[in-house]
Amino acid sequence: MSKKLRIFVTGGAGYIGSHVVKALGEKGYDVLTCDNLSTGNEWAVLCGKLIIGDLADKDALSKAIQDFRPDVVMHFAASIVVPESVKDPLKYYRNNTVNTINLLDVMKEGAVSRFIFSSTAAVYGIPENIPVSEDAPMNPINPYGTSKMMTELFLKDIAFANSDFRYVSLRYFNVAGADAQSRIGQAYKESTHLITRALKTAKREFDKLQIFGTDYPTPDGTCIRDYIHVDDLAEAHLLALQYLTDGGKSNVFNCGYGHGYSVREVVDAAKKVTGIDFNVEEIGRRQGDPHALVADSSKIKQRLNWHPKYDDLEYIIKTAWEWEKINPVANPR
Ligand code: UFG
2 MSKKLRIFVT GGAGYIGSHV VKALGEKGYD VLTCDNLSTG NEWAVLCGKL IIGDLADKDA
62 LSKAIQDFRP DVVMHFAASI VVPESVKDPL KYYRNNTVNT INLLDVMKEG AVSRFIFSST
122 AAVYGIPENI PVSEDAPMNP INPYGTSKMM TELFLKDIAF ANSDFRYVSL RYFNVAGADA
182 QSRIGQAYKE STHLITRALK TAKREFDKLQ IFGTDYPTPD GTCIRDYIHV DDLAEAHLLA
242 LQYLTDGGKS NVFNCGYGHG YSVREVVDAA KKVTGIDFNV EEIGRRQGDP HALVADSSKI
302 KQRLNWHPKY DDLEYIIKTA WEWEKINPVA NPR
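Rendered as structure tokens:
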């Protein structure tokens, strides 16, 4: 790298953001994380500096951008829990949509015109075809997905209005796993994600794992998801960054491996990896869950030359388990 690029990372103290900050730091980028620590942790920021701030505070955000003068903004800060978004949609439109407008406004004021956005497979809703490709229609079935889709629509319009502005939206499928050295991992104590809940159940933080719905149109009746290791996702961000700095035009990429596992398969793998047989209860469907979400990831592999290294469910669960055993914010009921 001839010039040390400056990267401003919102939500860099959170689960995915902290793994990307780590990867950026290892590659020698100059990183400034901005995080309100609502779900993130100061100790998770392994590289660069951290400022504690909220995207709702536009003046503070503007000052941070003016002082740091980033070349690129990576935007992770968001609320991410699908069932919570169904119960409290306004929280999602405020945190994910309104706050992103603040960030884009402040970037415009500071003439920052490169943006990498954490989008989600939830924008597809119930896709007609599996695996789903980037040109499938966006048709979210929960407010979380809608809040992210709205940002994708803004970005398209902003890029149309301003030819200097270029962005990449990365649509994440189900991100799991942790740093191989167990320095960071999923540390939000209210986490509702399947792998984390299964491991917390193995640890006896919960007395049982509930499976939400066994009557879906899938081979074993439970939902299918494409689980991707967080370090492979971090690598996708570095490639997207390189793509934008090399002059690549605004684009959207799926981030998944291209094959999925059912909830039952994940539960069995969690029991195998941990060697612990925990209680499982099958109950009714959870609101807002599509039956299957699997990425067509050929575009990111071809265009960004992404070669995932950890496409192995047991490895993903193993790294998450090693982390979960020492997770400092684990909070037994
Ligand atoms: N599930 C259970 N029991 C649990 C937790 C989850 O059966 O205790 C099931 C869910 O019903 C779903 C599957 O496991 O069928 C995966 O659920 P998660 O809560 O782990 O993840 P989601 O698929 O709901 O959402 C995640 C991210 C979103 C992202 C989406 C993309 O949270 O940000 O993956 O696929 F959009």
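If you use our numbering, the sequence shown corresponds to residues 2 to 334, in order. Each residue gets a CB set at the ideal place from its N, CA and C atoms; glycine is no exception.
Inset, instruction - Determine the burial state of residue 162: buried for a count of at least 16 other Cβ atoms within 10 Å of its Cβ, exposed for fewer. - result: exposed
Inset, instruction - Decide yes or no for the touch test of the stretch 82-102 against the stretch 41-52: beta carbon pairs closer than 8 Å, at least 3 of them. - result: no
Inset, instruction - Look up residue 271 in the DSSP assignment and say whether it is helix, strand or coil. - result: helix
Inset, instruction - Count the other CB atoms, across all protein chains shown, that sit within 10 Å of the CB of residue 57; report buried if there are 16 or more and exposed otherwise. - result: By the neighbour-count definition (other C-beta atoms within 10 Å, threshold 16), residue 57 is an exposed residue.
Legend entry - residue 226 and residue 314 closer than 8 Å at C-beta: In this structure, residue 226 lies away from residue 314, with their beta-carbon atoms at least 8 Å apart.
Legend entry - Proximity below 8 Å, CB of residue 233 to CB of residue 311: yes
Inset, instruction - Please name the residue, chosen from 8, 5, 330, that lies closest to residue 187 on a Cα-to-Cα basis. - result: 330
Inset, instruction - Leaving aside the five residues before and after residue 240 along the sequence, list all residues of the same chain whose C-beta is less than 7 Å from its C-beta, in chain order. - result: 305, 306, 307
Legend entry - Cβ separation of residue 156 and residue 118, assumed to be a contact under 8 Å, to the nearest whole Å: Confirmed, about 6 Å.
Inset, instruction - May I ask whether a heavy atom of ligand 1 can be found less than 7 Å away from the beta carbon of residue 83? - result: yes
Inset, instruction - With hydrogens ignored, establish whether the beta-carbon of residue 173 is closer than 7 Å to any heavy atom of ligand 1. - result: yes
Legend entry - Sub-8 Å separation of residue 38 and residue 14 beta-carbons: yes
Inset, instruction - With DSSP as the reference, label residue 108 as helix, strand or coil. - result: helix
Inset, instruction - Specify, as a first and last residue, the run of the alpha helix (DSSP H) that residue 87 falls within. - result: For residue 87, the enclosing alpha helix (DSSP H) stretches over residues 83-88.
Inset, instruction - With hydrogens ignored, establish whether the beta-carbon of residue 194 is closer than 7 Å to any heavy atom of ligand 1. - result: yes
Inset, instruction - Output the distance between the C-alpha atoms of residue 131 and residue 301, rounded to the nearest integer angstrom. - result: 17 Å
Inset, instruction - Taking only the alpha-carbon atoms, compute the straight-line gap between residue 262 and residue 228 and give it to the nearest angstrom. - result: 8 Å
Legend entry - Range of the contiguous alpha helix (DSSP H) that encloses residue 282: First-last for residue 282: 281-284, but that is the beta strand (DSSP E), not the alpha helix (DSSP H).
Legend entry - beta-carbon residue 214 near ligand 1 non-hydrogen atom, thresh 7 Å: In this structure, residue 214 has its beta carbon less than 7 Å from a heavy atom of ligand 1.
Legend entry - Inter-stretch contact at 8 Å, needing at least 3 Cβ pairs: the stretch 171-181 / the stretch 100-115: no
Inset, instruction - Let me know if residue 121 comes out buried or exposed under the rule of 16 or more other beta-carbons within 10 Å of its beta-carbon. - result: buried
Inset, instruction - Measuring only between beta-carbons, confirm whether residue 155 sits less than 8 Å from chain D. - result: The structure shown contains no chain D; it is built from a single protein chain.
Legend entry - CB contact flag (residue 189, residue 40, <8 Å): yes
Inset, instruction - List the endpoints of the continuous beta strand (DSSP E) containing residue 34. - result: Run containing residue 34: 31-36, per the beta strand (DSSP E) assignment.
Legend entry - Near ligand 1: residue 48 beta-carbon under 7 Å from a heavy atom: no
Inset, instruction - From the DSSP output, in three-state form, read off residue 187 for me. - result: coil
Inset, instruction - Could you name each continuous beta strand (DSSP E) segment of 3 residues or more that falls completely within the stretch 164-252, going from the start of the chain to the end? - result: Runs of the beta strand (DSSP E) inside the stretch 164-252: 167-173, 175-177, 210-213, 228-230.
Inset, instruction - Would you decide whether residue 299 is buried or exposed? Buried here means 16 or more other CB atoms lie within 10 Å of its CB. - result: exposed
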